[in-house]
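In the numbering used here, the protein residues as written are 31 to 181.
Printed below as a string of structure tokens:
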């Protein structure tokens with residue numbers, strides 16, 4: 031009987047050590063990581079053209095919606111948001127056009143903030159002034175890029 035108990039104890043100890051070794055091995059050597067996703071394919075020329083046309087057309091529509099003169103942020107924000115959405119939606123548009131629209135959008139946002147007439151306080155920090163000339167040059171750059179695209 032003692033011999034049976036000794037063999038059973040030895041088997042239980044061996045089983046426990048094997049189980050512990052298996053668990054330890056799993057933590058030391060985890061399963062291989064899944065393969066990295068394949069890089070996105072370059073957009074086709076047709077896709078770049080279609081997105082560039084959409085971006086330029088939406089910029090033109092937004093620009094036409096801006097009243098003259100602009101006196102409050104409400105005069106700018108709808109067009110600013112429309113251009114922002116167009117830029118986001120057309121990630122594969124021509125990079126030069128996207129860059130020009132992005133700079134124009136940055137200045138549209140500055141003008142919107144300046145026209146809020148909010149006081150500079152805490153985290154509310156609109157520009158203390160806004161110069162229209164740089165924004166006009168940025169807009170002209172968009173027009174040039176859009177009008178010359180594909181020519």
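In this text, a Cβ means the ideal position worked out from N, Cα and C, and glycines have one as well. Predicted model, so just to flag it, every value in this text is computed and none were measured.
Check, Outcome
"Name the DSSP beta bridge partners of residue 167, please?", "In DSSP, residue 167 forms no bridge with anything."
"Would you call the stretch 142 to 160 and the stretch 80 to 94 in contact, with 3 or more CB pairs under 8 Å?", "no"
"What is the residue span of the alpha helix (DSSP H) that residue 79 lies within?", "75 to 95"
"Where do the ends of the alpha helix (DSSP H) carrying residue 141 lie?", "125 to 144"
"Tell me which residues share the same chain as residue 105 and place their Cβ nearer than 6 Å to its Cβ, disregarding the 5 neighbours each side in the sequence.", "97"
"For a test of the three-state rule: what should DSSP assign to residue 158, helix, strand or coil?", "coil"
"Name, in chain order, the residues that DSSP records as bridge partners for residue 151.", "154"
"What are the boundary residues of the alpha helix (DSSP H) that includes residue 119?", "107 to 119"
"Cβ of residue 84 within 8 Å of Cβ of residue 120?", "yes"
"Pick out whichever of 100, 122, 115 has its Cα sitting closest to the Cα of residue 11.", "Not covered by the structure: residue 11. The range shown for the chain is 31 to 181."
"For residue 113, tell me which candidate among 158, 128, 175 has the shortest Cα-Cα distance.", "128"
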